[in-house]
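Participant:
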Amino acid sequence: MEKSLKFVLAGPVGVGKTTAIGVLGDAGVISTDVPMTQSDGGQKTTTTVALDFASVALDHGPPLFIYGLPGQDHFSFMRPILLHGALGVILLLRADSPDLIYECSRWIEILRSIDDQLAIVIGITHADRNRDFSIQHVREALPNAARDLPVFTFDARDRDQVEHLIRALLVTIG
Ligand SMILES: Nc1nc2c(ncn2[C@@H]2O[C@H](COP(=O)(O)OP(=O)(O)OP(=O)(O)O)[C@@H](O)[C@H]2O)c(=O)[nH]1
Ligand SMILES: [Mg+2]
Numbered sequence: 000m001e002k003s004l005k006f007v008l009a010g011p012v013g014v015g016k017t018t019a020i021g022v023l024g025d026a027g028v029i030s031t032d033v034p035m036t037q038s039d040g041g042q043k044t045t046t047t048v049a050l051d052f053a054s055v056a057l058d059h060g061p062p063l064f065i066y067g068l069p070g071q072d073h074f075s076f077m078r079p080i081l082l083h084g085a086l087g088v089i090l091l092l093r094a095d096s097p098d099l100i101y102e103c104s105r106w107i108e109i110l111r112s113i114d115d116q117l118a119i120v121i122g123i124t125h126a127d128r129n130r131d132f133s134i135q136h137v138r139e140a141l142p143n144a145a146r147d148l149p150v151f152t153f154d155a156r157d158r159d160q161v162e163h164l165i166r167a168l169l170v171t172i173g
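Under numbering that gives the first Met the number 0, the sequence shown has 155 at position 156, and the numbering climbs by one with no breaks.
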């Protein structure tokens with residue numbers, strides 16, 4: 000049986016997983032967002048409790064199935080379910096988070112503990128919110144487990160930039 004082209008967006012709360020899947024899915028998106036019990040202090044008012052999903056065709060190719068994980072640890076039981084059979088992951092992190100490097104290590108560990116064969120590309124959002132942000136500094140500070148992974152900045156609200164990340168992941172898989 001042909002393996003489906005399944006990819007997953009992972010990462011902490013508020014990095015832009017649901018946003019990225021929302022801009023990709025013109026053919027319809029499944030979202031399970033509910034109002035947040037506690038605001039994150041920004042514009043975000045909802046959080047994912049189960050999954051996001053969109054099917055997207057890039058360059059008239061076969062449909063790619065893109066799933067988004069909930070960021071909250073409370074819903075960690077969804078991680079192995081959604082990662083099952085996935086070819087690769089985009090790990091989203093926020094440029095304006097003081098915990099960027101810590102979250103990177105934590106999420107690489109989570110992902111590798113579920114599937115150590117996953118292709119991973121790191122996509123950093125919210126670079127516009129951190130004037131001091133330097134992708135070079137981030138690359139240098141990455142934990143050993145992430146040293147060889149491709150790192151990009153992108154805006155999850157911009158479809159072209161989200162597609163670029165997916166293409167980068169496809170290249171990584173080969
Ligand atoms: N300024 C800025 N805002 C962004 C960028 N990328 C995404 N956002 C915003 O950041 C927020 C991200 O929210 P979500 O997409 O719900 O985040 P999530 O990763 O799905 O979070 P959980 O489902 O709670 O884990 C939204 O308000 C987006 O509009 C960016 O690059 N810059
Ligand atoms: Mg979400």
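Each residue gets a CB set at the ideal place from its N, CA and C atoms; glycine is no exception.
1. Report all residues from its chain with a CB closer than 6 angstroms to the CB of residue 0; omit the five preceding and five following residues, and keep chain order.
2. Enumerate, from N- to C-terminal direction, the unbroken alpha helix (DSSP H) stretches of 4 or more residues contained entirely within the stretch 67-92.
3. Give the residues whose C-beta lies closer than 5 angstroms to at least one heavy atom of ligand 2, in chain order.
4. At 4 residues or longer, and completely inside the stretch 78-162: list those alpha helix (DSSP H) runs for me, N to C.
5. Alpha carbon to alpha carbon, how far is residue 111 from residue 5? Give it in angstroms, no decimals.
6. The beta strand (DSSP E) with residue 18 in it runs from where to where?
7. With DSSP run on the structure shown, which of helix, strand or coil describes residue 164?
8. DSSP three-state call for residue 171: helix, strand or coil?
9. In whole angstroms, what is the alpha-carbon distance linking residue 19 and residue 152?
10. Looking only at its chain, what residues have a beta carbon closer than 7 angstroms to the beta carbon of residue 33, apart from the 5 residues adjacent to it on each side?
11. Quick one: residues in its chain with C-beta nearer than 8 angstroms to the C-beta of residue 108, no 5 flanking neighbours on either side, listed in chain order?
12. So, is residue 128 buried or exposed, given that buried needs 16 or more other C-beta atoms within 10 angstroms?
13. By Cβ distance, which residues of its chain are closer than 8 angstroms to residue 7, with the 5 residues on each side in sequence left out?
14. When you measure from the CB of residue 59 to every non-hydrogen atom of ligand 1, does any distance come out below 7 angstroms?
Facilitator: Put simply:
1. Any reading at residue 0 is ruled out, since the residue's pLDDT is 43, under 50, leaving its predicted position unreliable.
2. 77-82
3. Having a Cβ closer than 5 angstroms to some heavy atom of ligand 2 are 16, 17, 47.
4. 99-113, 134-140
5. 17 angstroms
6. Element bounds for residue 18: not the beta strand (DSSP E) but the alpha helix (DSSP H), 16-23.
7. helix
8. helix
9. Each residue's alpha carbon lies about 13 angstroms from the other.
10. Within the same chain, Cβ atoms closer than 7 angstroms to the Cβ of residue 33 are found at 45, 46, 48, the five residues on either side in sequence being excluded.
11. 144
12. exposed
13. 65, 66, 67, 68, 81, 82, 85, 87, 88, 89
14. no
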